[in-house]
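The structure appears below as structure tokens.
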Amino acid sequence: MNTQNPAATVYTCPMHPQVREQRPGPCPICGMTLEPVAVSGDDAPKAELIGLRRRLWIGAPLALAVLLISMGGEVPGLAGIAESAWSPWVQFLLASPVVIWCGWSFWVRGLQSLIHVKLNMFTLISLGVGASYGYSLVALFMPGIFPSDAREPPGHPALYFEASAVILVLVLVGQVLELRARAKTGAAIRALLRLTPKIAHRVAPDGRESDIPLADCHPGDRLRVRPGEQVPVDGVVMSGKSSVDESMLSGEPATVLKTQGAHVAAGSINGAGAFDLRTEHVGQDTKLAQIVALVSAAQRSQAPIQSLADRVAAWFVPGVIAIAVLAFMAWLRWGPAPAVAHALIAAVTVLIVACPCALGLATPMSIMVAIGRGAREGVLVKNAAALQEFDRVDTLLIDKTGTLTEGKPRVTQLQPVTGVDPRLLLSVAQGLESHSEHPFAAAVRACTLTDSLPPMSVTDFQSIGGQGVRGICDGEPAALGNPVLMATLGVDLQPVAAAADRLRDGGASLSFVSRAQQLLGFIAATDPVKSDARRALDALRSFGIRIIMVTGDNRRTAGIIAGVLGIEDIEADVLPAGKSEIVKQLRIKGAIVAMAGDGINDAPALASANVGIAMGTGTDVAIETAPVTLLRGDLMGIVRVRCLSRATMRNIRQNLTLAFAYNLVAIPLAAGVLYPVDGFVLSPTVAAAAMSLSSVAVIANALRLRWLKLSSPSVCAGRRRMGLEAVPIPAPRA
């Protein structure tokens, strides 16, 4: 489903997302290979990986041959080779292709880093390998400039062609492993991209069917979906019926029955039935494509914790170069003979062993894998900052209707004032609610009575946030809403007060109806609590999170729902602006607040919270406002977000610790701090292997998040085998 124009592809760096280039190549800041901003569904190896593999397969045998020749008498059967007159020249001929051709991309990136004054890992590699190879060239072609005591048989100073070649081959190994590991971080997105077929079955007006490329589909086309096929576009079922698996969007494995008029999404999998659909959205306009775009953008975003690594990285390479210079001077002054050779090796080893890449990759790799993992579970995280912040959340404000409840209320009772026809009460209510998007409005519109009157025609409709609606019905002002709205209009509720209190005690929500400032009665509706609500809230409480219900409903009804769910803190009769104000007051007191809601009236609070969580079953405004969307709309999704956030931050800290510890230990060892104690000196070859593996280790640790069990309540923070703390979730209560 990649409709991206190749000519317009933009490339960015995993470590520096601010970099935007029109063509592939190295990052001008760190030298890392740029990646397309728009992820492709193609799993084929990238051109750079293919090229590096080719250079590795050619360079590895040459480097091994140089190493064996240089070792000479240390290898059985090769005694005397190192002392032969032709040995240095053979080493030169074998090592030069490795250094020059196999390592060409490293030289280019090292030069670019100096030109742009952006010192990075390739600066260190170029300086280290260049110093050892250049020194060996001088020693080979001009041995006379060295004192006689610095020369070895057959008359040349010590040569380091084998170190140069082996170092570059080991760096190549690290680059190949790194590119392969980085490719796995986008596996979740590529899996989504491959969900849509390349061919669609278009049905012409005369009924003839033809197969066309998906790129040729347009809104309004009639397409046929056969049993077992993937839905190619977003559309509306025109005829036929079938059960459709939409788990690629929601993570929910249960199928959904689709009949005439139902919406279907691109990428969903049809069951045993068949249906025709009318195309609404194609290509990049489908819901699936928009989710992919959001996940891809989120993976490129930076978490605040990244700033620590950035500050260290800014001084890292200059600091390493300074340490290399100091090591060279120290070995030259106090080291054993030949002092120059030992000093050179120490400096080269320091330059080679340092790994700024491990430090730079620690955060972005974990973020990329975690956000992709969340998308597979129906948790859409739109930026890395929200993922980091949710780990600190200690207070959750949660809306009632549509969040704690199903958001599908059902009218249970019409209570007219004495002398008022129930059909008139319903007719006025349906006329007013015909313009509203509230779940209660849908319930009123669906309500029927014997010989029901048609809904009254309404003009001058007005929605009053948190109170209700009003308008003109047959020339007279009418209103439907809560007691606050009725009090504002001067409507007396006393005639139905006793009945209203009785129904509120049973958990019903009431809306009063008036016409010409006269009360007609009220409509009672119940909205069932979500089946997983108690289980999810108990799990969140086990994390130490305080739960506060915030609702525009009256306190008596809210208290019934809160009692069922074990919620002790209730904020009832709250207007939309009041929800946002509650969030602000909690934050002023030092709380880290998450807000979960689904309606338009929740949008201000979602924006004001540290982390806003929108139900995927809610309104577009809420979904657009919140940095986290739960595509299933289930409350266990909040638990999954918490688990994902906690595991990701732990993984990032592990990566940063690994990167810092590696460099803090490896650089002093390379400089020779242990030589005065026990004569230990780190080999440049070992240093190159350690440097390559350090980056790979960081990426491999981040990839462990791909197997994080977010959907398993017993391991919501990960299994012990992954090194992640297991946090049990209480079983659902009867």
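Once you know that position 431 of the sequence shown is 414 in the working numbering, the rest is easy, because the numbers rise by one and skip nothing.
For each residue, glycine too, the CB sits at the ideal point set by N, CA and C.
Worksheet item: Do you know offhand how far P460's Cα is from L472's?
Response: 10 angstroms
Practice prompt. Run through the stretch 440 to 526 for me and flag every whole beta strand (DSSP E) of 3 or more residues, listed as ranges in chain order.
Written response: 441 to 447, 451 to 456, 459 to 464, 492 to 498, 501 to 509
Discussion item. So L162 and L35 are supposed to be a Cβ contact under 8 angstroms. How far apart are they, rounded?
Written reply: 7 angstroms
Worksheet item: Distance, Cα to Cα, D617 vs I544?
Response: 17 angstroms
Discussion item. I want to know whether the stretch 144 to 155 touches the stretch 103 to 112 - three or more CB-CB distances under 8 angstroms.
Written reply: yes
Discussion item. I'd like the list of long-range same chain contacts for V156, defined as Cβ closer than 7 angstroms, with 5 residues on each side in sequence excluded.
Written reply: L39, S675
Practice prompt. Find the nearest neighbour of F144 within the set A672, T534, K692, P667, judged by alpha-carbon distance.
Written response: P667
Discussion item. Rounded to whole angstroms, what is the Cα-Cα separation between A522 and V624?
Written reply: 12 angstroms
Worksheet item: My guess is that A574 and T386 are in contact by the Cβ rule of under 8 angstroms, so how many angstroms apart are they, rounded?
Response: Rounded, the Cβ-Cβ distance is 19 angstroms, inconsistent with contact.
Discussion item. Using C-beta distances below 6 angstroms, list every residue in its chain close to S728, excluding the 5 sequence neighbours before and after it, in chain order.
Written reply: An answer regarding residue 728 cannot be provided, because it is not within the stretch -16 to 717 covered by the chain.
Worksheet item: Hey, G223 and F105 are a contact pair by Cβ (cut 8 angstroms); roughly how many whole angstroms apart?
Response: That pair is no contact at about 59 angstroms.
Discussion item. Tell me the DSSP secondary structure of V(-7) in three-state form.
Written reply: coil
Worksheet entry | Burial state of G580 (16 or more Cβ within 10 Å) | buried
Worksheet item: Tell me which same chain residues have a C-beta within less than 8 angstroms of the C-beta of G464, skipping the five on either side of it?
Response: I447, Q450, G451, V452, R453, S494, F495
Item to complete: Taking the CB atoms as reference points, tell me whether A257 and V220 lie closer together than 8 angstroms.
Response: no
Practice prompt. Check whether the stretch 553 to 561 touches the stretch 355 to 364, counting contact only when three or more Cβ pairs, one atom from each stretch, lie closer than 8 angstroms.
Written response: no
Worksheet item: If you run the structure through DSSP and keep just helix, strand and coil, what is A257?
Response: strand
Item to complete: Pull up the DSSP beta-bridge partners for P196, would you.
Response: I182
Worksheet entry | Beta-carbon spacing of V589, G599 below 8 angstroms | In the sequence under discussion, the amino acid at residue 589 is Leu, which differs from the Val named in the question. Contact flag unset, no.
Worksheet entry | Helix, strand or coil at H(-1) [DSSP, three-state] | coil
Worksheet item: Measuring CB to CB, does M(-2) end up less than 8 angstroms from P347?
Response: yes
Fill in: Sequence-distant residues of its chain with Cβ nearer than 8 angstroms to C10 (five each side left out)
C(-4), M(-2), H(-1), V2, T16, L17
Worksheet item: Could you give the distance in angstroms between the alpha-carbon of R570 and the alpha-carbon of F444?
Response: 37 angstroms
Discussion item. Excluding the 5 residues flanking R209 on each side, which residues of the same chain have their C-beta closer than 8 angstroms to its C-beta?
Written reply: H184, N253, A257
Discussion item. Applying the 10 Å Cβ sphere with the 16-neighbour rule, what's the burial state of H325?
Written reply: buried
Worksheet item: In this structure, does DSSP put K572 in helix, strand or coil?
Response: coil
Worksheet entry | The beta strand (DSSP E) enclosing M221, as first and last residue numbers | 217 to 228
Worksheet item: Does DSSP put K692 in a helix, a strand or coil?
Response: coil
Worksheet entry | Rounded separation between P696 and V622 - CA only | Note on P696: pLDDT 43, under 50, position unreliable in the model; the coordinate value appears next. Those two C-alpha atoms are separated by around 9 angstroms.
Fill in: Cα-Cα separation between R205 and E420, rounded to whole angstroms
29 angstroms
Discussion item. Please tell me whether I553 and M532 are closer than 8 angstroms, where the distance is taken between their beta carbons.
Written reply: yes
Fill in: G42 burial status per 10 Å Cβ neighbour count (16 or more: buried)
buried
Item to complete: Ignore the nearest five residues each way along the sequence and tell me which others in L142's own chain have a CB closer than 7 angstroms to its CB.
Response: P71, Q74, S119, A122, L123
Discussion item. On a Cα-Cα basis, can you pick out the residue from L652, V295, R6, L665 that is closest to T640?
Written reply: V295
Discussion item. Just to confirm, is the Cβ distance from T395 to T534 under 8 angstroms?
Written reply: no
Worksheet item: From A683, A671, N646, pick the residue whose C-alpha is nearest to that of V303; which is it?
Response: N646
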